[in-house]
Amino acid sequence: MAELNLSFVMVLFWEHYPIPLWFERWVYEVRSEAFRIISCRRLDSSYTASNKVDRVS
975 MAELNLSFVM
985 VLFWEHYPIP
995 LWFERWVYEV
1005 RSEAFRIISC
1015 RRLDSSYTAS
1025 NKVDRVS
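Numbering (our numbering), first residue to last: 975 to 1031.
Structure, rendered in structure tokens:
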């Protein structure tokens, strides 16, 4: 949610207050890392769920 709020602020004030390029890169890297972590956790949880199903059957 914080990333959405930050993106909204960036879009809202982009024309009035140009954001430095290094800040844009930092935001992009933070969001990319967050999505990578979330994706890995989803894969781990689906793998764990499939193992539980295999053990039951």
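The beta-carbon is built from N, C-alpha and C at its ideal position, and this holds for glycine as well.
C-alpha distance - residue i paired with residue j, whole-angstrom precision
| i | j | result |
| --- | --- | --- |
| P994 | F982 | 16 Å |
| R1015 | N979 | 23 Å |
| D1012 | S1006 | It is Ile, not Asp, that sits at residue 1012 in the sequence shown. One C-alpha to the other measures close to 10 Å. |
| V1001 | A1008 | 11 Å |
| F987 | V1004 | 20 Å |
Check: residue i C-beta below 7 Å from any heavy atom of the ligand FAD
| i | result |
| --- | --- |
| E1007 | The ligand content of the structure shown is nil, which means the ligand FAD is not present either. |
Under the three-state DSSP convention, the category residue i falls into
| i | result |
| --- | --- |
| N979 | helix |
Same chain only: Cβ atoms within 7 Å of residue i, ignoring 5 sequence neighbours per side
| i | result |
| --- | --- |
| F997 | none |
| R1010 | none |
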